[in-house]
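Asker: For the protein sequence lines, the chains are R and V, in the order given. For the first sequence, position 111 matches number 111 in this note's numbering, and the numbering has no gaps at all. In this note's numbering, each number is its position in the second sequence, counted from 1, plus 1000. Ideal Cβ placement from N, Cα and C applies to all residues, glycine included.
2 protein chains.
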Amino acid sequence: MDKQLTRRSLSLGLPLSMGLLHLANDAIAAENSAAKDAGPSTKPKIGMLIYNDMILLDLAGPMTVLALAMSEIHLVAKNRSPVRSDVGIVIQPTTTFDECPGDLDVLFVPGGLAGTIAAMNDDATLAFVSDRGARAKWVTSVCTGALVLGAAGLLRGYKATSHWYVRDLLPIMGAEVSDERVVIDRNRITAGGVTAGIDFGLQIAAILRGDDYARRIQLTLEYDPKPPFSSGSPGAAGPELVRDVLERRAKVLAEARVAATNAANRSPK
Amino acid sequence: MDKQLTRRSLSLGLPLSMGLLHLANDAIAAENSAAKDAGPSTKPKIGMLIYNDMILLDLAGPMTVLALAMSEIHLVAKNRSPVRSDVGIVIQPTTTFDECPGDLDVLFVPGGLAGTIAAMNDDATLAFVSDRGARAKWVTSVCTGALVLGAAGLLRGYKATSHWYVRDLLPIMGAEVSDERVVIDRNRITAGGVTAGIDFGLQIAAILRGDDYARRIQLTLEYDPKPPFSSGSPGAAGPELVRDVLERRAKVLAEARVAATNAANRSPK
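Below you can see the structure in the form of structure tokens.
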């Protein structure tokens, strides 16, 4: 088994404390051969912010697509302490704010509201996001991650979206809300809640590698969704379910509003 | 921040080597209050097999839904060595084959073809899957995970599906292929490749907690998919893309066929 894994493993050449981040899956190996077929292009550099309380699925969707798009993926945190996701799976950062490459092709921020609020209130996180965001080719988020971009001043004057239950906080930080699932305005790409990360992932893969490459990834992931219910948006779910979800989160949503207001007051207009 | 996390943390009471698996997300905390509202029902016990080379997204989709459905989730491996997923994120098992609860409500197997083949050839894995599968209320898989169920003899005489590129191996192990995205036959539930795990997750959540609960989870995850391309199934993608994906995986697909044939020859008819 180990030999088999090693044979299929692909090193991404990441500066890991725990050694290299190995992408061992045969699907990724197959995509690597596809990337090679496409010529000796350099791998796009992706910096993915990770933080305690983040939603694993917010990261796993885009990360899976971007791994299949043969990217150089950096999981960035303030320090190298393991990060705890919503479902309890712990993620080891591969680099730190200080050591992350300066010029990223893509800066990405996932969501997870309690953790998002902490990030919006953390100077070091905002400084990192603001610095890399000003230099990255693409500045992106899924779910409540957009609030971190907003708090770092990166959405001022841009159309954007976020998880539906915090979208109304974006204008506080100077963004104009759009209700598309994935919103592209110049080099800002923001996506809706959690599962929107897969749609976002395929869109950024198409930007980085072309439509045909993205189509092949979609087929590899068998992304032909068939939701068993039609309650995936506030409009489809209806007012009762929406009120129920909002009421159960009243406290944390109020904290997010305070964080957005504080961020708007802090940053230069 | 730590205080805030602790306040929101929910212990699932899992027998972890690294301490308890904390579900710290506010969304999960909110769902917990919903579960309490529904009465003092016990949490469904979920055993999720994890193994090297598995696809993180195969696990993250169903696990996120099941966490929101307030389940007791066990990440089960042969031993407590960390498991490396396709994207390089390492997952710590929470229990072992020996220590996993005997009577699970749900046994779940994710995919990841190189790892799936190793599992199909591993006696200890098959013994575990066969034992818990015979006793579990629901025997389930996503993606190539169905091949592990098949190799353990659990799909003989059942309709089932798997990732589209290995579906034709199911009949070797006595299953009848169905081309639905999520196939339910008596207590067997098998789903298609990778992203089908989210559709599966919502279906098993509805079974465990009721349709209204599953609808609220779908809204919480904003699962209103908008794939940017229509290449998520072999039929939609067309023969050229399909051939391309298959050719790049010819070797591992041939290995999977051998493993399926060996498994069929090994197990009693």
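Hey, quick one: how far does the alpha helix (DSSP H) through R/Ser130 stretch, first residue to last?
Answerer: From DSSP, the alpha helix (DSSP H) with R/Ser130 extends over Asp123 to Arg135.
Asker: Since I believe R/Thr96 is in contact with R/Asn79 (beta carbons under 8 angstroms), could you give me their beta-carbon distance rounded to a whole number of angstroms?
Answerer: Contact holds; Cβ gap of about 6 angstroms.
Asker: Output the distance between the C-alpha atoms of V/Gly1201 and V/Arg1135, rounded to the nearest integer angstrom.
Answerer: Those two C-alpha atoms are separated by around 20 angstroms.
Asker: With a threshold of 8 angstroms between beta carbons, is R/Phe108 in contact with chain V?
Answerer: Chain V contact via Cβ: absent.
Asker: So, helix, strand or coil for V/Phe1200, using DSSP?
Answerer: If DSSP states are grouped into helix, strand and coil, V/Phe1200 belongs with the helices.
Asker: Report the three-state DSSP secondary structure of R/Gly47 (helix, strand or coil).
Answerer: R/Gly47: strand per DSSP, three-state reduction.
Asker: Can you look up V/Thr1096 in the DSSP assignment and give me helix, strand or coil?
Answerer: If DSSP states are grouped into helix, strand and coil, V/Thr1096 belongs with the strands.
Asker: Indicate the three-state DSSP secondary structure (helix, strand or coil) for V/Gly1039 in the structure shown.
Answerer: The predicted position of V/Gly1039 is uncertain, since its pLDDT is 45 and thus under 50; a value taken from the coordinates is nonetheless stated next. V/Gly1039: coil per DSSP, three-state reduction.
Asker: Only counting runs of 4 or more residues, tell me where the alpha helix (DSSP H) segments fall wholly within the region 1155-1214 of chain V, in order along the chain.
Answerer: List check, alpha helix (DSSP H) in window: 1196-1209.
Asker: If I measure Cβ to Cβ from R/Ala260 and keep anything under 6 angstroms in the same chain, skipping five residues before and after, which residues do I get?
Answerer: Closer than 6 angstroms at the Cβ level, and outside the excluded window around R/Ala260, lie Leu169, Ile172 and Met173.
Asker: Taking DSSP as the reference, what is the three-state secondary structure of V/Ala999?
Answerer: As shown, chain V starts at 1001 and ends at 1269. That puts residue 999 of chain V outside it, with no answer to give.
Asker: Between R/Glu99, R/Val142 and R/Ala160, which lies nearest to R/Asp131 when the distance is taken from Cα to Cα?
Answerer: Per the Cα distances, R/Glu99.
Asker: Hey, could you find the ends of the beta strand (DSSP E) R/Glu72 is sitting in?
Answerer: Element bounds for R/Glu72: Glu72 to Ala77.
Asker: What's the call for R/Arg186, buried or exposed, on a 16-neighbour Cβ count within 10 Å?
Answerer: Label assigned to R/Arg186: exposed.
Asker: Counting only Cβ pairs nearer than 8 angstroms, list the residues of chain R close to V/Leu1202.
Answerer: Residues of chain R passing the Cβ test: Pro227, Pro228 and Phe229.
Asker: Tell me, which residues are paired with V/Ser1141 by DSSP?
Answerer: Looking at the DSSP assignment, V/Ser1141 forms a beta bridge with V/Val1109 and V/Thr1190.
Asker: If V/Ala1152 sits next to V/Val1129, beta carbons under 8 angstroms apart, how far is it from one beta carbon to the other, in whole angstroms?
Answerer: Rounded, the Cβ-Cβ distance is 4 angstroms, consistent with contact.
Asker: Please state whether DSSP places R/Val87 in a helix, a strand or coil.
Answerer: Of the three classes helix, strand and coil, the one that applies to R/Val87 here is coil, per DSSP.
Asker: When the cut-off is 8 angstroms and only beta carbons count, does V/Trp1138 lie next to chain R?
Answerer: Closer than 8 angstroms: no.
Asker: So that I know if they touch, is there some Cβ in chain V lying closer than 8 angstroms to that of R/Gly39?
Answerer: Model confidence at R/Gly39 stands at a pLDDT of 45, short of 50, so the residue's coordinates are unreliable; what they give is reported in the following sentence. By this cut-off, R/Gly39 is not an interface position.
Asker: Would DSSP call V/Arg1249 helix, strand or coil?
Answerer: V/Arg1249: coil per DSSP, three-state reduction.
Asker: R/Lys137 and R/Val106 - do their beta-carbons sit closer together than 8 angstroms?
Answerer: In this structure, R/Lys137 lies closer than 8 angstroms to R/Val106 by Cβ.
Asker: Along the region 1128-1156 of chain V, where does the CB come closer than 9 angstroms to a CB of chain R? Name the residues.
Answerer: Against chain R - using a Cβ distance shorter than 9 angstroms - the residues of the region 1128-1156 of chain V are Cys1143.
Asker: Leaving out five residues before and five after V/Ala1077 in sequence, what residues of the same chain have Cβ atoms less than 6 angstroms from its Cβ?
Answerer: Excluding sequence neighbours, V/Ala1077 sits near Ile1050, Val1083 and Pro1093.
Asker: Checking contacts by CB at 8 angstroms: is V/Asp1220 closer than that to chain R?
Answerer: Before going further, note that residue 1220 of chain V is Thr rather than Asp in the sequence given. Yes, contact with chain R.
Asker: Could you check whether the Cβ of R/Arg243 sits closer than 7 angstroms to any heavy atom belonging to the ligand FAD?
Answerer: No copy of the ligand FAD occurs in the structure displayed, which carries no ligand at all.
Asker: Using a Cβ-Cβ distance cut-off of 8 angstroms, determine whether R/Leu274 contacts chain V.
Answerer: Nothing about residue 274 of chain R can be reported from this structure: the residues present for chain R run from 1 to 269 only.
Asker: Here's the rule: buried if 16 or more other CB atoms are within 10 angstroms of the residue's CB, otherwise exposed. What is R/Thr42?
Answerer: The residue in question, R/Thr42, is exposed, as its Cβ has fewer than 16 Cβ neighbours within 10 Å.
Asker: Using DSSP with H/G/I as helix, E/B as strand and the rest coil, what is V/Asp1244?
Answerer: It is helical.
Asker: What does V/Ala1192 reach in chain R if we use C-beta pairs closer than 7 angstroms?
Answerer: The sequence given here places Gly at residue 1192 of chain V; Ala does not occur at that position. Per Cβ cutoff of 7 angstroms: Glu222.
Asker: Beta-carbon of V/Gly1232 versus every beta-carbon of chain R: anything under 8 angstroms?
Answerer: Yes, its Cβ sits closer than 8 angstroms to a Cβ of chain R.
Asker: Leaving aside the five residues before and after R/Gly115 along the sequence, list all residues of the same chain whose C-beta is less than 7 angstroms from its C-beta, in chain order.
Answerer: Same-chain partners within the cutoff: Tyr51, Asn52, Asp53 and Met54.
Asker: Anyone know if the C-beta pair for V/Asp1058 and V/Val1142 falls short of 8 angstroms?
Answerer: Their beta carbons are under 8 angstroms apart, which means V/Asp1058 touches V/Val1142 by this criterion.
Asker: Say whether chain R places a C-beta atom closer than 8 angstroms to the C-beta of V/Ala1124.
Answerer: Judged by the 8 angstroms Cβ criterion, V/Ala1124 is not in contact with chain R.
Asker: Taking the alpha-carbon of V/Gly1232 as reference, which of R/Leu104, R/Asp199 and R/Glu180 has the nearest alpha-carbon?
Answerer: Checking every option, the nearest Cα to that of V/Gly1232 belongs to R/Asp199.
Asker: At 9 angstroms on the CB atoms, spell out the chain R contacts of V/Ala1206, in chain order.
Answerer: Result: Pro228 and Phe229.
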